[in-house]
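K.L.:
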Amino acid sequence: MKRIKFWLAIIGATLFFNSCSNIVISYNPFYTKDVVYFEPRLIGNWMEPELVNDDEDYEIPRGSWEVQKFKDFLFNYHVNPYVPLEHNKDNFKNIEGLDDVLFRYKKDLEEHEHYKNAYAIIHRKGETSTIFIGTPFNIENQLFIDLMPIYQRDCSNNNYSEDKPDSNLFFKAHIVATHSLIRLKIKSNNMVYLNFIDERQLSDLIDAHKIKISHQKATNAYDYVNATTSFGMGYEDYLLLTARSEELVKFIKKYAKDDDKWIKYSEKEDFWGILHYLYLTRD
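Right, dumping it as structure tokens:
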């Protein structure tokens, strides 16, 4: 007898940030205000597992996650670049002064009041640094995080400049930030398991009318390397949930902890083979 499972147990730690076409994305947040739940144990620095590479031609970078309170992130963003050095007490002369910095920080804090219980999650891997707003919430005593990307920076060749003209503004104008969903299991103070909804299986179940939820099928362009190792362009359809947050919460509530409804394999053959979670250990 076949059972249904969506929660994608990650095979290898690179799937989410390097090849994330399998995760489900949503136009609206996966949470509503009443289920937001701040979990302080996630604050800190975390490391992804180290991957074994038999090919000596390249090195697989190990990803890191820096999790801060979002309001602390805003404070650091506004204040840290202007904090006076120990031997340069008037380092504020290049701006209007500390009062101006604090004014802009407080204004930003008011504008982002709805993220007061959220995290700023800085993911670093190789030469790329990405910042997400992560909103934690609790449904049926199960912890989740809604992720929304807000910024990405290429750190190659010490390319940290904020002031250079951005030649990709027209490209970025076509991009809409979407939300993804993580289900968390805190195993200890030093280890966290993460897993995600499997887009392919959810899409199949929607097509088979086994699950009804508002959605669209969109087409995404992606780069790939073909057999001749030359770069090319490909296209794939992916599932974009368009349901309102209230509908998404009902969907999650129905399947939050019932793993029997999130498995799709025969008793003799595991659909994924050996199942692995993406896990993080405290740095």
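First residue of the sequence shown? That's 541 in the working numbering, and the numbers climb one at a time after it. Built from N, CA and C at the ideal position, the CB exists for glycine as well.
For my contact list, Thr-566 and Arg-664 are in at a C-beta cut-off of 8 Å; report their separation, rounded to the angstrom.
P.N.:
If you number the sequence shown from 1, residue 566 lands on position 26. If you number the sequence shown from 1, residue 664 lands on position 124. As written in the sequence, residue 566 is Ser, which differs from the Thr given in the question. With a Cβ gap of about 25 Å, Ser-566 and Arg-664 do not count as contacting.
K.L.:
Can you tell me where the alpha helix (DSSP H) holding Ile-792 begins and where it ends?
P.N.:
For the purposes of this step, residue 792 is identified with residue 252 of the sequence shown, where counting begins at 1. Segment 785-795, the alpha helix (DSSP H) holding Ile-792.
K.L.:
Quick check on DSSP: helix, strand or coil for Arg-602?
P.N.:
Indexing the sequence shown from 1 puts residue 602 at position 62. Here Arg-602 sits in coil by DSSP.
K.L.:
Using the DSSP secondary-structure output, state which residues sit across from Asn-735 in a beta bridge.
P.N.:
In the sequence shown, the residue the question calls residue 735 occupies position 195. Bridge partners of Asn-735: Arg-723.
K.L.:
Would you kindly work out how many angstroms separate the C-alpha atoms of Val-765 and Lys-752, rounded to a whole number?
P.N.:
On the sequence shown, residue 765 is found 225 positions in, with the first residue counted as 1. On the sequence shown, residue 752 is found 212 positions in, with the first residue counted as 1. Bear in mind that the predicted position of Val-765 carries a pLDDT of just 43, short of 50, making it unreliable; the figure below should be weighed with that in mind. When rounded, the distance between both Cα atoms is 36 Å.
K.L.:
Rounded to whole angstroms, how far is the Cβ of Tyr-577 from the Cβ of Asn-730, which I believe are closer than 8 Å?
P.N.:
For the purposes of this step, residue 577 is taken as the residue at position 37 of the sequence shown. For the purposes of this step, residue 730 is taken as the residue at position 190 of the sequence shown. Rounded, the Cβ-Cβ distance is 21 Å, inconsistent with contact.
K.L.:
In terms of residue numbering, what span does the alpha helix (DSSP H) encompassing Leu-582 cover?
P.N.:
In the sequence shown, the residue the question calls residue 582 occupies position 42. Run containing Leu-582: none; DSSP gives neither H nor E here.
K.L.:
Could you give the residue range of the alpha helix (DSSP H) that holds Phe-710?
P.N.:
On the sequence shown, position 170 is the one that residue 710 refers to. 709-712 is the extent of the alpha helix (DSSP H) around Phe-710.
K.L.:
For Asn-568, name the three-state secondary structure that DSSP assigns.
P.N.:
Position 28 of the sequence shown, counted from the first residue, corresponds to residue 568. Asn-568: coil per DSSP, three-state reduction.
K.L.:
Counting along the chain, where does the beta strand (DSSP E) carrying Ile-679 start and finish?
P.N.:
Indexing the sequence shown from 1 puts residue 679 at position 139. Taken as a continuous stretch (DSSP letters only), the beta strand (DSSP E) holding Ile-679 covers 668-679.
K.L.:
With a Cβ-Cβ cutoff of 8 Å, do Tyr-659 and Leu-582 count as a contact?
P.N.:
Along the sequence shown, read from residue 1 onward, the residue named residue 659 stands at position 119. Along the sequence shown, read from residue 1 onward, the residue named residue 582 stands at position 42. Going by C-beta atoms, Tyr-659 is nearer than 8 Å to Leu-582.
K.L.:
Per DSSP, what are the beta-bridge partners of Ser-728 in this structure?
P.N.:
In the sequence shown, the residue the question calls residue 728 occupies position 188. Looking at the DSSP assignment, Ser-728 forms a beta bridge with Met-731.
K.L.:
What does the alpha-carbon distance come out to for the pair Val-716 and Thr-821?
P.N.:
Position 176 of the sequence shown holds residue 716. Position 281 of the sequence shown holds residue 821. Those two C-alpha atoms are separated by around 32 Å.
K.L.:
Can you name, in chain order, every residue of its own chain whose Cβ lies under 8 Å from the Cβ of Ile-690, other than the five neighbours on each side?
P.N.:
On the sequence shown, position 150 is the one that residue 690 refers to. The residues are Ile-671, Phe-672, Ile-673, Ala-717.
K.L.:
What is the DSSP secondary structure of Lys-750, reduced to helix, strand or coil?
P.N.:
Within the sequence shown, the letter at position 210 stands for residue 750. If DSSP states are grouped into helix, strand and coil, Lys-750 belongs with coil.
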